[in-house]
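A.B. asks: Please read through the structure below; I'll follow up with questions.
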Amino acid sequence: MSKIKIVNNTNQAFQKTLIQENRSASFISAVLTAIIMFISRYKGPEGILLLDRFLPGLGWLQIIIIAVYAGFITQFLLKQKNIAKIRIRIWTLFSIVFFSQFIAGILISDTFLMTGKLHIPIPAVILAGPIYRGSGFFMPILFLATILLTGPAWCSYLCYFGAIDGVAASRKKQPSFPKEGWKTLRFFTTILVIVTAIIFRIFDTSPNFAIVGALIFGALGIIATIIISRSRGIMAHCSYYCPIGLISNLLGKISPFRIKINNSCNNCMACIPACRYNALSPKNIASGSPGFSCTLCGDCIDTCSSQSINYSFFNLSSKKSRVPFTVVIAVVHSVFIGIARI
Ligand code: SF4
Ligand code: SF4
Ligand code: SF4
-19 MSKIKIVNNT NQAFQKTLIQ ENRSASFISA VLTAIIMFIS RYKGPEGILL LDRFLPGLGW
41 LQIIIIAVYA GFITQFLLKQ KNIAKIRIRI WTLFSIVFFS QFIAGILISD TFLMTGKLHI
101 PIPAVILAGP IYRGSGFFMP ILFLATILLT GPAWCSYLCY FGAIDGVAAS RKKQPSFPKE
161 GWKTLRFFTT ILVIVTAIIF RIFDTSPNFA IVGALIFGAL GIIATIIISR SRGIMAHCSY
221 YCPIGLISNL LGKISPFRIK INNSCNNCMA CIPACRYNAL SPKNIASGSP GFSCTLCGDC
281 IDTCSSQSIN YSFFNLSSKK SRVPFTVVIA VVHSVFIGIA RI
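-19 is the number of the first residue of the sequence shown in our numbering; add one for each residue after it.
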């Protein structure tokens, strides 16, 4: 048998195994999603699923639809050439589903809301709210649990607000980052939010005043998103302004998922422009791992022709590490689409 034929056969066998592995991963995603949604339906608050609220008894149909969706996106995300595009689409879809229910809750009926009460959908409130109120720890606990499972990927797949930044940034082909010093801005906004919440609590500031403060902070973030993210092609709000982004990067280290660059890297630097979170530089590439602001988005993976950059998970090979990460992300994202609302 000629050498070329042997190589072709090996490639075909490898592709076949890959397809089978991807199918198994999709199946696992669908089953896990269905189980979590099922448990939420029977053990969670009544009417946790949208269909049950409007067409009582039909929640099972929503479980099936969301589970099938989880299987599909696992398959798509595992394809080599598609992560960046698919990621931004599914992230945007979640944001649309989330904010549609919020708007419908204000304009049409409070059945669209989680508790019947309005909350402010600004990520910084996840931190400031409980400090100010001294209660209401549901969102911080959910955030921490998600970080434990997915690391900083909260900020590239799961946050209702960050998708707006992602869409704005994707308008420009190549990112153009400001000077390194701007990275410290998030430390100041985080301290500002914590100190303000403590002061509001100590002086028993009225909730209306606190809401206005939160809205001003959120509005400034939206302006940053629209102007800076769009014009520079960077995640300006997430990487330079949002306190939750900083906490997500910090606490994300407790998750075992990482992005690593292996020895086959030839320093071509082709992956650098793919990163809109300012986590890849020649220095990071030389060190074998992205910088602190990496959110495990995976956008850089497809740009590497030598497949030198990929997910890492304990001792698994880089190709295999991508599978558990994708399954976890697909399941959590799908459950969020099926359940999350304000
Ligand atoms: S940085 Fe803030 S707005 Fe951006 S994705 Fe993370 S939590 Fe959401
Ligand atoms: S694209 Fe791949 S080979 Fe080139 S610098 Fe990045 S990791 Fe290394
Ligand atoms: S280094 Fe790669 S995975 Fe990390 S944020 Fe940048 S593009 Fe995303």
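We put the CB at the ideal spot given by N, CA and C, even for glycine.
1) How about S156 and G213: are their beta carbons less than 8 Å apart?
2) Rounded to the nearest angstrom, how far is the Cβ of L276 from that of P132, given a contact under 8 Å?
3) Return the chain-ordered list of same chain residues with a C-beta closer than 7 Å to the C-beta of C280, the five sequence neighbours on each side being excluded.
4) Would L58 pass as a contact of R302 if the rule is Cβ separation under 8 Å?
5) Please work out which residues of its chain come closer than 6 Å, Cβ to Cβ, to S244, disregarding the five sequence neighbours upstream and downstream, and give them in chain order.
6) Which same chain residues end up closer than 7 Å to S20 when comparing Cβ atoms and leaving out the 5 residues on each side of it in sequence?
7) Taking 8 Å as the cut-off, decide whether the C-beta atoms of F167 and L226 are in contact.
8) Is I224 near ligand 1, with its Cβ less than 7 Å from a heavy atom?
9) Would you call the CB atoms of A204 and I100 closer than 8 Å?
10) If we count Cβ pairs, one from each stretch, closer than 8 Å, do we get three or more for the region 304 to 311 versus the region 6 to 24?
11) What does the shell around ligand 2 hold, if a residue joins when its beta-carbon is under 6 Å from any heavy atom?
12) Cβ-heavy atom distance between T164 and ligand 3 below 7 Å?
13) With DSSP collapsed to three states, give me the class of F197.
14) Could you check whether the Cβ of D32 sits closer than 7 Å to any heavy atom belonging to ligand 3?
15) Does DSSP put N290 in a helix, in a strand, or in coil?
16) Check for me: the beta strand (DSSP E) holding R238 runs from which residue to which?
17) Give a single yes or no on whether H217 has its beta carbon closer than 7 Å to a heavy atom of ligand 1.
18) With DSSP run on the structure shown, which of helix, strand or coil describes R256?
19) Given that a residue counts as buried once 16 or more other Cβ atoms are within 10 Å of its Cβ, and exposed if not, what is R67?
20) Could you work out which residue in P270, I191, A149, I241 is closest to I206 when comparing CA atoms only?
21) Does D279 come out as helix, strand or coil in the three-state DSSP assignment?
22) Specify, as a first and last residue, the run of the alpha helix (DSSP H) that T306 falls within.
23) Within 7 Å: the Cβ of D279 and any heavy atom of ligand 1?
24) With a threshold of 7 Å (Cβ to nearest heavy atom), would P270 be considered close to ligand 1?
25) Let me check understanding here. Comparing Cα to Cα, which of P158, I46, S314 lies closest to S209?
26) Is I68 near ligand 3 - that is, is its Cβ less than 7 Å away from at least one heavy atom of it?
27) The alpha helix (DSSP H) that contains I100, what's its start and end?
28) Helix, strand or coil for T185 per DSSP?
29) Exposed or buried, what is M215 when buried is set at 16 or more other beta-carbons lying within 10 Å of its beta-carbon?
C.D. replies: According to the structure data:
1) Counting from 1 along the sequence shown, the entry for residue 156 is found at position 176. Counting from 1 along the sequence shown, the entry for residue 213 is found at position 233. In contact: S156 and G213 (Cβ atoms closer than 8 Å).
2) If you number the sequence shown from 1, residue 276 lands on position 296. If you number the sequence shown from 1, residue 132 lands on position 152. Contact holds; Cβ gap of about 6 Å.
3) Your numbering for residue 280 matches position 300 in the sequence shown. Within the same chain, C280 has close Cβ partners C251, A254, C255, L260, I289.
4) As a working mapping, residue 58 is identified with position 78 in the sequence shown. As a working mapping, residue 302 is identified with position 322 in the sequence shown. Going by C-beta atoms, L58 is nearer than 8 Å to R302.
5) To locate residue 244, count along the sequence shown from 1; it is residue 264. Excluding residues within five positions, the ones whose Cβ falls inside 6 Å are S286, S288.
6) Indexing the sequence shown from 1 puts residue 20 at position 40. So the qualifying residues of the chain are I28, I319.
7) On the sequence shown, position 187 is the one that residue 167 refers to. On the sequence shown, position 246 is the one that residue 226 refers to. Closer than 8 Å, so yes.
8) In the sequence shown, residue 224 corresponds to position 244, counting from 1. The answer is yes for I224.
9) Taking the first residue of the sequence shown as 1, we reach residue 204 at position 224. Taking the first residue of the sequence shown as 1, we reach residue 100 at position 120. Cβ atoms of A204 and I100: not closer than 8 Å.
10) yes
11) I241, C245, N246, N247, C248, M249, A250, C251, I265, T283, C284, S286, S288, I289
12) Reading the sequence shown from its first residue, position 184 is the one you call residue 164. Flag unset: Cβ of T164 not near ligand 3.
13) Position 217 of the sequence shown, counting from 1, holds the residue named residue 197. Looking at F197 - three-state DSSP - the assignment turns out to be helix.
14) For the purposes of this step, residue 32 is identified with residue 52 of the sequence shown, where counting begins at 1. D32: no, Cβ never under 7 Å from ligand 3.
15) Locating residue 290 in the sequence shown gives position 310, where the first residue counts as 1. Strand at N290.
16) For this step, residue 238 is matched to residue 258 along the sequence shown. Run containing R238: 237 to 241, per the beta strand (DSSP E) assignment.
17) Here residue 217 refers to the residue found at position 237 when the sequence shown is read from its first residue. H217 Cβ: within cutoff of ligand 1.
18) If you number the sequence shown from 1, residue 256 lands on position 276. In the structure shown, R256 sits in coil (DSSP, three-state: anything other than H, G, I, E or B).
19) As a position in the sequence shown, residue 67 is number 87, starting the count at 1. Buried is the call here.
20) Counted from its first residue, the sequence shown places residue 206 at position 226. Checking every option, the nearest Cα to that of I206 belongs to A149.
21) By one-based count along the sequence shown, residue 279 stands at place 299. Coil, per DSSP.
22) Residue 306 sits at position 326 when you count from the first residue of the sequence shown. T306 -> alpha helix (DSSP H) spans 298 to 319.
23) Stepping through the sequence shown from its first residue, residue 279 is reached at position 299. False, no ligand heavy atom lies under 7 Å from that Cβ.
24) Within the sequence shown, the letter at position 290 stands for residue 270. Not so, every heavy atom of ligand 1 lies at least 7 Å from the Cβ.
25) Against the sequence shown, residue 209 aligns to sequence position 229. Nearest option by C-alpha distance: P158.
26) As a position in the sequence shown, residue 68 is number 88, starting the count at 1. Outside the cutoff, so no.
27) On the sequence shown, residue 100 is found 120 positions in, with the first residue counted as 1. Where I100 is concerned, there is no enclosing alpha helix (DSSP H), given that its DSSP letter is neither H nor E.
28) Along the sequence shown, read from residue 1 onward, the residue named residue 185 stands at position 205. Looking at T185 - three-state DSSP - the assignment turns out to be coil, as it is neither helix nor strand.
29) Along the sequence shown, one-based indexing puts residue 215 at 235. Looking at its Cβ environment, which holds 16 or more other Cβ atoms inside 10 Å, M215 is buried.
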